[in-house]
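First to last, the sequence lines map onto chains A and B. Going by the numbering used here, 418 is the number at position 369 of the first sequence; the sequence numbering is gapless. Going by the numbering used here, 199 is the number at position 144 of the second sequence; the sequence numbering is gapless. No residue lacks a Cβ here, since even glycine has one placed at the ideal position from N, Cα and C. Input: a single structure, listed below in C-alpha cells.
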Amino acid sequence: MNTNHSGRVGLWALVTVAFLLAGVGIGMLLTNIQERKSEGLMSPSLVQEIPAGELDPEVWGRNFPRQYGRFSMTETDYGRTRFGGSTPFDKLEAKPFLRKAWAGYAFSVDYNEERGHFYALEDQKRTRRTTEFNQPGACANCHAAEAPLLIQELGWEAFNSTPYDSLRDRLHLGSSCADCHDPATMDLRITRPAFMNAMEQRGIDLSKATRQEMRTYVCAQCHVEYYFLGPDKVLTFPWSRGTVIDSIEKHYDQYGFNDWTHAETGGGMLKMQHPEFETFTSSVHYASGVACADCHMPYTREGGVKISDHWVRSPLTNVNNSCQTCHKIPERDLIDRVEGIQIKTKEMLSLAEAAISDAIDAIVAARAAGASDEALAEARRLHRSSQMRWDFVDAENSMGFHSPQEAARILTHSVDLARQAQMAAWKLLPGPASSPPTRTTSPGR
Amino acid sequence: MNQSRLPPLLAFASLGLVAGLGGFTVSHAKGFSYFKDDPAACVNCHVMKDQYESWQHSSHREWATCNECHMPHDLVGKYTRKAINGWNHSVKFTSGSFPEPIMIQRRNKEVALENCVSCHQTMVNDVLLGHRAERDEVRCTDCHGNVGHLGVG
Chain A
50 MNTNHSGRVG LWALVTVAFL LAGVGIGMLL TNIQERKSEG LMSPSLVQEI PAGELDPEVW
110 GRNFPRQYGR FSMTETDYGR TRFGGSTPFD KLEAKPFLRK AWAGYAFSVD YNEERGHFYA
170 LEDQKRTRRT TEFNQPGACA NCHAAEAPLL IQELGWEAFN STPYDSLRDR LHLGSSCADC
230 HDPATMDLRI TRPAFMNAME QRGIDLSKAT RQEMRTYVCA QCHVEYYFLG PDKVLTFPWS
290 RGTVIDSIEK HYDQYGFNDW THAETGGGML KMQHPEFETF TSSVHYASGV ACADCHMPYT
350 REGGVKISDH WVRSPLTNVN NSCQTCHKIP ERDLIDRVEG IQIKTKEMLS LAEAAISDAI
410 DAIVAARAAG ASDEALAEAR RLHRSSQMRW DFVDAENSMG FHSPQEAARI LTHSVDLARQ
470 AQMAAWKLLP GPASSPPTRT TSPGR
Chain B
56 MNQSRLPPLL AFASLGLVAG LGGFTVSHAK GFSYFKDDPA ACVNCHVMKD QYESWQHSSH
116 REWATCNECH MPHDLVGKYT RKAINGWNHS VKFTSGSFPE PIMIQRRNKE VALENCVSCH
176 QTMVNDVLLG HRAERDEVRC TDCHGNVGHL GVG
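Next comes the structure, spelled out in C-alpha cells:
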C-alpha cells in the first residue's frame with residue numbers, strides 16, 4: 050500500500066516537472082518570436098513607399114532625410130584642396146600641355162575640374178565635349194539616373210548608339226539614390242550593365258559580393274576607365290586581361306582600338322578616363338579591406354544615429370571621420386602625409402609631361418622631314434603607350450594617393466616610353482646621328 | 056575479511072578516491088567559476104592577462120564584462136557556447152598547442168560583433184539596412200578595435 054502511494058506521488062511529481070519545463074520552453078519560444086517580429090520593422094519611419102522606378106532623390110529623402118540632407122551638400126562648393134576639390138576651373142588654361150597631348154580630340158577643346166555628384170548630368174550637358182561633338186547615348190550611362198530605365202526601354206545596343214542629343218530631353222537627374230540602392234530594402238545594388246558585364250567576364254559573381262565589397266563596387270559602376278566598342282558604341286570596360294594599365298593596354302592592342310588620331314603626330318591614341326577603381330584596388334588600403342565608402346562616405350553620427358555620410362567629397366575636408374577612425378594621429382600629420390604623396394606624384398607627372406611633349410615634337414619633326422607612316426610606326430606606338438600611362442595617372446582623381454607606388458611605377462614607364470619615342474623619331478631625321486636636335490622646352494608643370 | 060566483499064569494496068573505494076580527487080581538482084582549478092560571469096574567471100589562465108588588464112582601462116569597463124561581449128545573450132546559446140569554448144580552452148591550454156598571438160575563431164567573432172549591435176542597435180540601425188548586413192559579419196571592430204581590450208588581441 051505504501052509503495053503504491055509513494056509511486057503515484059512520484060509519478061505526479063514527474064508530470065508536473067515535465068509540464069513545467071514545457072511551459073518554460075513555450076515562453077522562450079514566444080519571446081523569440083516577438084524579437085524576430087520587431088527586428089523585421091525598419092527603424093526609419095517610412096513616410097511613404099518608394100516605387101520601384103523612382104529616381105528622384107527628393108522622394109527617397111522623405112524616408113531618409115539625414116542621408117538626403119548630406120547628399121544635397123554635394124551641390125555646395127567646398128573649395129579647392131591642393132590638387133582637387135569642388136571648385137570648377139578650366140584645366141586646359143591651367144595646363145596648356147593638355148591641348149598638345151589631346152590635339153584632335155574633344156578633350157583639347159574643353160576640360161574642367163569636376164565638382165560634386167549633384168552636377169553629374171548638368172556639367173555633362175553643358176561641356177563643349179557634348180555640345181560641339183556628336184556623342185553617343187553611351188555617355189549617359191554614368192551621368193544620368195535615367196540610364197537603367199532607358200536601357201530597359203530601348204535595349205542595350207540601341208541606348209548606347211542613340212545620339213546623345215536625341216536623349217537630352219529624357220535626361221533630367223544626375224546621380225541618384227537609385228543608382229546604388231534597392232528602393233525596398235536599401236540594399237546596395239548594381240544598376241549599370243557595363244560593370245556587370247565586365248565583372249562577369251572576369252568571373253566574379255556579384256550576387257556573392259559581401260557588403261564591404263559592394264561599398265566599393267557601387268562606385269566602380271562609373272569611376273573606371275571605359276570605351277565605346279564597335280559601331281553601336283557599346284559602353285565597355287577594358288578589363289579582359291586585368292585592371293592594371295599593362296593589362297588594359299593588352300586589351301586595347303588585342304582589338305586594335307584607338308580613341309582618336311593625334312592631330313600633330315598622326316598616331317592612333319588612347320584616352321584614359323577617371324580610373325579610380327583600377328588604381329585603388331592595387332593599393333594597400335584596398336588589400337586591408339578598406340572600401341571607397343570608408344573614406345569618401347565615412348560613418349558619421351547625427352545625434353544618436355550613425356549614418357554613412359552621403360556628402361561624397363575629398364576626405365581632406367573630413368580628416369576626422371575619413372582617416373582618424375583608424376589612423377589615430379594628428380590631422381596635420383595626416384594631411385602632410387597625403388599631400389607629400391601627391392606632391393611627389395605631381396613631380397613625376399610633370400617629368401612625364403615634359404618627355405611626352407618632347408616626343409610629340411620629335412615625331413612632328415620627323416613627319417615634316419618626310420618620314421613614312423611605316424617608318425613612324427615605332428615612334429607613334431611608343432608615344433601611344435607613354436601617353437596612355439601618363440593619362441591614367443593624370444585623369445585619376447587622387448594625384449597618386451589611391452595607390453602611390455603603382456602611380457609612381459606607371460609614370461616611370463611613361464617617362465621611359467616617351468624618351469624612347471623621342472629617340473625613335475630622332476633616328477628618322479636627316480643629318481648626322483651625332484647631332485640630334487636640341488631639346489625643346491616643354492610647358493608641363 | 057570475507058573474500059566476496061573485496062571486489063565491491065575495492066570498486067567503491069576507487070570510485071570514492073576518483074570522485075574525491077576529481078572534485079578537489081575541479082575546485083582547485085576554480086571549475087565552478089566558469090558557470091558564472093565574473094571576468095576574473097577568464098584570467099584563471101594567465102595568458103588572458105593582457106586582455107583582462109586592458110579591458111579594465113577600456114571604454115567598456117563599466118558597461119560590459121567578458122561574457123557580455125563574448126557570449127550570446129540567450130540562455131541556451133550562452134551555455135552552449137560556454138561548453139564548446141570551455142572544452143576547447145581546456146584541451147588547448149592543457150596541451151599547450153595553440154598559436155600566439157591568440158586569434159579569435161570565426162563563430163566567436165560573429166557572437167562578439169552581434170553583441171555590439173545588440174547594445175548599440177538604435178545607433179547603427181541605418182548603416183545595417185539591407186539583406187547583406189544579415190548575411191555578412193558586421194565589421195565594427197575593423198575601426199573600433201580598441202573598445203574591448205584596447206587593441207590587444
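6 Å CB neighbourhood of A/TRP151 in its chain, flanking five on each side removed: So the list reads SER157, once near-sequence residues are dropped.
Status (buried if at least 16 other CB within 10 Å, exposed otherwise) for A/PHE295: Note on identity: in this sequence residue 295 of chain A is Asp, with Phe being the wrong assignment. With fewer than 16 other Cβ atoms within 10 Å, it is exposed.
Cβ shell of B/ASN122 (< 7 Å), same chain only, five flanking positions each side left out: For B/ASN122, same chain residues with a beta-carbon under 7 Å away, outside a window of 5 residues either side, are ASP92 in chain order.
Which listed residue (A/TYR160, A/PRO287, A/ASP440) has its alpha carbon closest to that of A/MET248: For the residues A/TYR160, A/PRO287, A/ASP440, the minimum Cα distance to A/MET248 belongs to A/PRO287.
Enclosing beta strand (DSSP E) for B/LYS133 [first to last residue]: First-last for B/LYS133: 130 to 150, but that is the alpha helix (DSSP H), not the beta strand (DSSP E).
Span of the alpha helix (DSSP H) around A/THR179: Run containing A/THR179: 177 to 180, per the alpha helix (DSSP H) assignment.
Any chain B beta carbon closer than 8 Å to A/TYR117: With 8 Å as the cut-off, A/TYR117 does not count as an interface residue toward chain B.
Contact list for the stretch 341 to 361 of chain A against chain B, Cβ threshold 7 Å: Flagged, chain order: TYR348, GLY353, VAL354, LYS355, ILE356, SER357.
Sequence-distant residues of its chain with Cβ nearer than 8 Å to B/VAL73 (five each side left out): Correct list: empty, nothing qualifies.
Closest Cα partner of B/GLN160 within the set B/GLY151, B/VAL172, B/HIS144: If we check each option's Cα against that of B/GLN160, B/HIS144 comes out closest.
DSSP-derived helix/strand/coil call for A/SER357: The answer is strand: DSSP assigns A/SER357 an E or B state.
Endpoints, the beta strand (DSSP E) within which A/GLU351 is located: 348 to 351 is the extent of the beta strand (DSSP E) around A/GLU351.
For A/ASP139, the residue or residues it bridges with in DSSP: Answer by DSSP bridge pairing, in chain order: A/ASN161.
Cβ neighbour criterion (16 or more within 10 Å) applied to A/ASN209: The residue in question, A/ASN209, is buried, as its Cβ has 16 or more Cβ neighbours within 10 Å.
Top-ranked residue by Cα proximity to A/THR180, from A/ASP159, A/ALA169, A/PRO197, A/GLY165: Here the closest residue by C-alpha is A/ASP159.
A/GLY512 classed as buried or exposed, judged by whether at least 16 other C-beta atoms fall within 10 angstroms: Residue numbering for chain A in the displayed model covers 50 to 494; residue 512 of chain A lies beyond these limits and cannot be assessed.
According to DSSP, residues forming a beta bridge with A/GLY134: Paired residues: A/ARG129.
Contact set for A/PHE306: own chain, Cβ-Cβ below 7 Å, skip 5 residues either direction: Only TYR276 meet the Cβ criterion.
Chain B within 8 Å of A/GLN261, Cβ atoms only: Residue-level contact check: A/GLN261 touches chain B, since one or more beta carbons of chain B fall below 8 Å from its beta carbon.
Beta carbon of A/VAL354 nearer than 8 Å to that of A/ARG164: In this structure, A/VAL354 sits away from A/ARG164, with a CB-CB distance that is not shorter than 8 Å.
Chain A contacts from the stretch 153 to 184 of chain B (Cβ-Cβ distance under 7 Å): Of all residues in the stretch 153 to 184 of chain B, THR177, MET178, VAL179, ASN180, ASP181, VAL182, LEU184 have a Cβ within less than 7 Å of some Cβ in chain A.
Short CB-CB distance (under 8 Å) between B/ARG194 and chain A: By this cut-off, B/ARG194 is an interface position.
Continuous alpha helix (DSSP H) stretch holding B/LEU184: start and end: Looking at the DSSP string, B/LEU184 is not in any alpha helix (DSSP H), and its letter there is neither H nor E.
Cα-Cα separation between A/ALA206 and A/CYS271, rounded to whole angstroms: Per the sequence presented here, residue 206 of chain A reads as Glu, with Ala not at that position. When the Cα atoms are used, A/GLU206 and A/CYS271 turn out to be separated by approximately 18 Å.
CA nearest to the CA of A/THR328, picked from A/ILE239, A/ASP358, A/VAL293: Nearest C-alpha to A/THR328: A/VAL293.
The beta strand (DSSP E) enclosing A/TYR276, as first and last residue numbers: 276 to 278 is the extent of the beta strand (DSSP E) around A/TYR276.
Sheet register partners of A/VAL283 (DSSP bridge): In DSSP, A/VAL283 forms a bridge with A/LEU278.
In DSSP terms, what A/GLY317 is bridged to: Paired residues: A/THR310.
Own chain residues within Cβ distance below 6 Å of A/LYS299, not counting five before or after: Its chain contains ARG290 as the residues whose beta carbon lies nearer than 6 Å to that of A/LYS299, once the 5 sequence neighbours on both sides are disregarded; these appear in chain order.
Cβ pair count under 8 Å reaching 3, the stretch 145 to 155 of chain B against the stretch 116 to 136 of chain B: No, the stretch 145 to 155 of chain B is not in contact with the stretch 116 to 136 of chain B.
CB contact flag (A/ALA401, A/ALA467, <8 Å): Result yes, Cβ atoms of A/ALA401 and A/ALA467 sit closer than 8 Å.
Enclosing alpha helix (DSSP H) for A/MET437 [first to last residue]: Where A/MET437 is concerned, the enclosing alpha helix (DSSP H) stretches over 422 to 443.
Residues in the stretch 255 to 289 of chain A having any Cβ partner in chain B nearer than 9 Å: Going along the stretch 255 to 289 of chain A in chain order, one finds ALA258, THR259, ARG260, GLN261, MET263 with a Cβ nearer than 9 Å to chain B.
Touch test, the stretch 210 to 218 of chain A against the stretch 231 to 248 of chain A, Cβ-Cβ under 8 Å, three pairs minimum: Using a Cβ-Cβ distance cut-off of 8 Å, the stretch 210 to 218 of chain A and the stretch 231 to 248 of chain A are not in contact, since fewer than three pairs of beta carbons, one from each stretch, lie closer than that value.
Contacts of A/LEU237 in chain C (Cβ-Cβ under 9 Å): The structure shown has no chain C; the protein chains it does contain are A and B.
When A/CYS226, A/GLU84, A/GLN261 are compared against A/SER337, the one with the closest alpha-carbon: Among A/CYS226, A/GLU84, A/GLN261, the Cα nearest to that of A/SER337 belongs to A/GLN261.
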